[in-house]
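Everything in the sequence shown is counted per our numbering, starting at 791 for the first residue and increasing by one. No residue lacks a Cβ here, since even glycine has one placed at the ideal position from N, Cα and C. Only a predicted model underlies this, so the values are computations on that prediction, with no experimental measurement involved. Worksheet: the structure to be examined is printed underneath.
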Amino acid sequence: MSTRAVLEVIALGPEDAVAAQAGGADRLELVTDMAADGLTPSVRTFGAIRAAVDIDLRVMLRLADGFAAGDVEGLVRAAAELRGAGADQFVLGFLGTDGAVDLAAVERVVAELDGCRWTFHRAIDRAADRDALRKQLADLPGLDTYLTAGSASGVDDGLPTLLAEARRRGEPGYEQTLLVGGGLRLDHVPALRAAGIDALHIGGAARPDGWTGPVSATAVTRWRQELDAVQGDRP
């Protein structure tokens, strides 16, 4: 069955959001401070972006660089404040020092989300055991997506893992959408779509001038057109 792929774009502010929507993005991941690989934006920034566009927004819950949860109660407060401002989709993911999922921290934050949909982000690519992580998280409310490159080093190295996990769709722990991002290029798209992967995530690829420049609607349109041109089969 042919499906339209979801295109998610990282946005740092309203200008990015407007350009991404104009270019054909279906959803935005909202972050701040890309020098730390994306942290929780302010409530004010969320509100400005929400007012500027009408597509789905997923807001990062991450207060410091790295994949340790750190200040869990601070994360809970941030989630509560963002929910109070109207946020209803989120992105999070925490690992312990052993590379296993920090289940206590994830559960604590997810409890505050109260059923909101959320993505477990690329912490999965640093996990000691991806399969074990998936199975531990399988029954958490709201989890509908994994953002992953298949490898900590990016899609080039992670492609075999991504294709293998796509083949397991529907198994326990593998019901969630695979949202592929991290070193993603347009030439990866045919193989991903052929495997039935129908959600892609871009950050730097939407910014011809790098992270110091804004999202380009033209760059996003190029991705949208490529995704629409390549058919995918989803069982």
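Pick out whichever of the options has its Cα sitting closest to the Cα of residue i.
| i | options | result |
| --- | --- | --- |
| V1005 | V796, A795, G813 | G813 |
| A1007 | T887, G944, A807 | A807 |
| V866 | A858, R852, G876 | R852 |
| A854 | A826, E863, Q879 | A826 |
| L930 | D904, G994, R920 | D904 |
| T830 | A801, G994, G1003, A995 | A801 |
| D878 | C906, G856, Q1015 | C906 |
May I have the straight-line CA-CA distance separating residue i from residue j, to the nearest angstrom?
| i | j | result |
| --- | --- | --- |
| M791 | D846 | Confidence is the limiting factor: at M791 the pLDDT is only 42, short of 50, which leaves the residue's position unreliable, though a coordinate-based value still follows. Using only the alpha carbons, I get a separation of about 24 Å. |
| D988 | A939 | 14 Å |
| V900 | A1009 | 34 Å |
| R834 | L1017 | 33 Å |
| I839 | A1019 | 29 Å |
| M912 | Y936 | First, the amino acid is wrong: residue 912 is Arg here, not Met. Their backbone Cα atoms lie some 8 Å apart in a straight line. |
| G828 | T822 | 5 Å |
| A858 | A917 | 12 Å |
| A956 | R794 | 16 Å |
| E961 | W908 | 20 Å |
Would you kindly check if the distance between the Cβ of residue j and the Cβ of residue i is under 9 Å?
| i | j | result |
| --- | --- | --- |
| M850 | L885 | no |
| E819 | H978 | no |
| R959 | G986 | yes |
| L982 | E798 | no |
| S943 | G973 | yes |
| R848 | F880 | yes |
| W1013 | L976 | yes |
Looking only at its chain, what residues have a beta carbon closer than 7 Å to the beta carbon of residue i, apart from the 5 residues adjacent to it on each side?
| i | result |
| --- | --- |
| S941 | D915, D947, G948, T951 |
| A875 | V833, F836, G837 |
| P998 | S1006, A1009 |
| Q811 | V843, I845 |
| E902 | V866, A869, A870 |
| Q966 | L933, D934, T935, Y936 |
| T1011 | G813, G814 |
| D861 | L853 |
| P980 | V1020 |
For residue i, which residues of its own chain have a beta-carbon under 6 Å away from its beta-carbon, when the five flanking residues on both sides are left out?
| i | result |
| --- | --- |
| P1025 | Residue placement at P1025 is flagged as unreliable, the pLDDT there being 47, under the threshold of 50; the coordinate-derived value follows with that caveat. Counting only Cβ-Cβ distances below 6 Å, and skipping sequence neighbours, we find nothing. |
| M824 | W1001 |
| A984 | none |
| R898 | V862 |
I'd like the list of long-range same chain contacts for residue i, defined as Cβ closer than 8 Å, with 5 residues on each side in sequence excluded.
| i | result |
| --- | --- |
| S927 | Note that residue 927 corresponds to Leu in the displayed sequence, not to Ser. So the list reads V891, L893, V896, F910, L933, G963, once near-sequence residues are dropped. |
| G803 | T835, A838, I839 |
| D816 | V796, L797, E798, I845, D846 |
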